[in-house]
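For reference, the structure discussed in these notes is given below.
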C-alpha cells in the first residue's frame, strides 16, 4: 500500500511538473515583454534627450558664429577634447538607433 501511495505521488508530480513549467514559462515571457517595453521607452527618452542636447549645442555654435561675425571678438577654436565631445554627440544618434532593434 505504501509503495502504491508513493507511486501515485510520483505520477502526480510527473503530471504537475509540465504544468508548473508552462506557468513559469508564461510568467517569464510576460516579464520579458515588460522589459522590452521598458527598453523601448528608455531608448525613446534617451533619443529625445540627445536630440535636445544636439539642438542646443547647434544653437550655441550658431550664436557664437554670429557673434564672431558681428563683433570684433574672436572665439578660440574648440580644443581637442571639446571637438571629441562634439563628434561623440554627433555619432551618438546612429549608435542609439543601432542598439535597439525591433
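Numbering (the numbering used here), first residue to last: 1 to 102. All C-beta atoms, glycine included, are put in the ideal place defined by N, C-alpha and C.
(request) Identify which residue in 69, 50, 63 and 73 has its Cα closest to the Cα of residue 85. (result) 50
(request) Measure the CB-CB distance between residue 89 and residue 54 and report whether it falls below 8 Å. (result) yes
(request) Whole angstroms is fine: what's the gap from residue 56's alpha carbon to residue 64's? (result) 12 Å
(message) So, for residue 102: in the same chain, excluding its five sequence neighbours on each side, which residues have a beta-carbon less than 7 Å away from its beta-carbon?
(response) Confidence at residue 102 is low in this model, with a pLDDT of 46, below 50, so its placement is unreliable and the value that follows should be read with caution. Cβ neighbours of residue 102 beyond the five flanking positions: none.
(message) One question on the structure: do residue 69 and residue 75 come within less than 8 Å of each other, judged by their Cβ atoms?
(response) no
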